[in-house]
Each structure stands twice: as C-alpha cells, then as structure tokens.
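Engineer: First, the structure itself, so that you have it in front of you.
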Amino acid sequence: MWKYTVEVKGMMCGMCETHINEAIRRAFPVKKVTSSHTKEQTVILTQQELNEDTLKKVINELGYDMGSVRKEPYQKKKLFGKA
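In this text, residue positions in the sequence shown follow numbering that gives the first Met the number 0: the first is 0, and each later residue adds one.
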C-alpha cells in the first residue's frame, strides 16, 4: 500500500476539497483520499503506484496547482497503534 501526500494550491473551502477528492476517485482506484484546504494538501492511500503526470493533469484541469508529491510505503496501524 502507498501513501501519497500531494501539495495542492488554490483550495479555498470544503467544496474545493470535495472536488479534488471526487476527481481523484474517478481517475484512480484509491482506497482513501482526503484533502485539506488549510494544509494545502491531499493525502491518497492506494494499493498501486499512481502516475504523477496523470495526477497533475487531473488536479490542474480542476483549476488547482499541484506542487510537490511525497510517496511512501503505508502500513495500516493495528489496535493501539501497533504495526
């Protein structure tokens, strides 16, 4: 499982977050996606690696700017935070 933390500039409210989340869900088979306009980021959990060029295109087509992308392996924590 992979965790992508994507910098997204231009989100102003909760509706912007929803637009980003829905577009990413339509474009990729993700497990979970959450956006925060206050943090200016979107976090994506997925089983497979994402094409960053396609991700940038999806975000840019909505009128937002994609900045840096941080990709790291993700392992769901079990009960009481133990891996």
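For glycine and all other residues, C-beta sits at the position ideal for the given N, C-alpha and C.
Any contact of the segment 20-38 with the segment 49-69, i.e. 3+ C-beta pairs under 8 angstroms?
Structural biologist: These segments touch.
Engineer: What residue range does the alpha helix (DSSP H) around Thr17 cover?
Structural biologist: Unbroken alpha helix (DSSP H) run through Thr17: 13-26.
Engineer: Measuring only the C-alpha atoms, how far is Glu39 from Tyr3?
Structural biologist: Each residue's Cα considered, the two are about 14 angstroms apart.
Engineer: By Cβ distance below 6 angstroms, which residues in the same chain neighbour Lys31 in space, the five residues on each side in sequence not counted?
Structural biologist: Counting only Cβ-Cβ distances below 6 angstroms, and skipping sequence neighbours, we find Leu44.
Engineer: Near Ala22, what residues of its chain come up, given a Cβ to Cβ distance below 8 angstroms and the 5 sequence neighbours on each side ignored?
Structural biologist: So the qualifying residues of the chain are Val57, Ile58, Glu60, Leu61.
Engineer: Can you list, in chain order, the residues of its chain whose CB lies under 6 angstroms from that of Ser67, leaving out five sequence neighbours each side?
Structural biologist: These residues qualify, in order along the chain: Glu6.
Engineer: Can you tell which of Ile19, Gly9, Val42 has the C-alpha that lies nearest to the C-alpha of Glu71?
Structural biologist: The shortest C-alpha separation from Glu71 is found at Val42.
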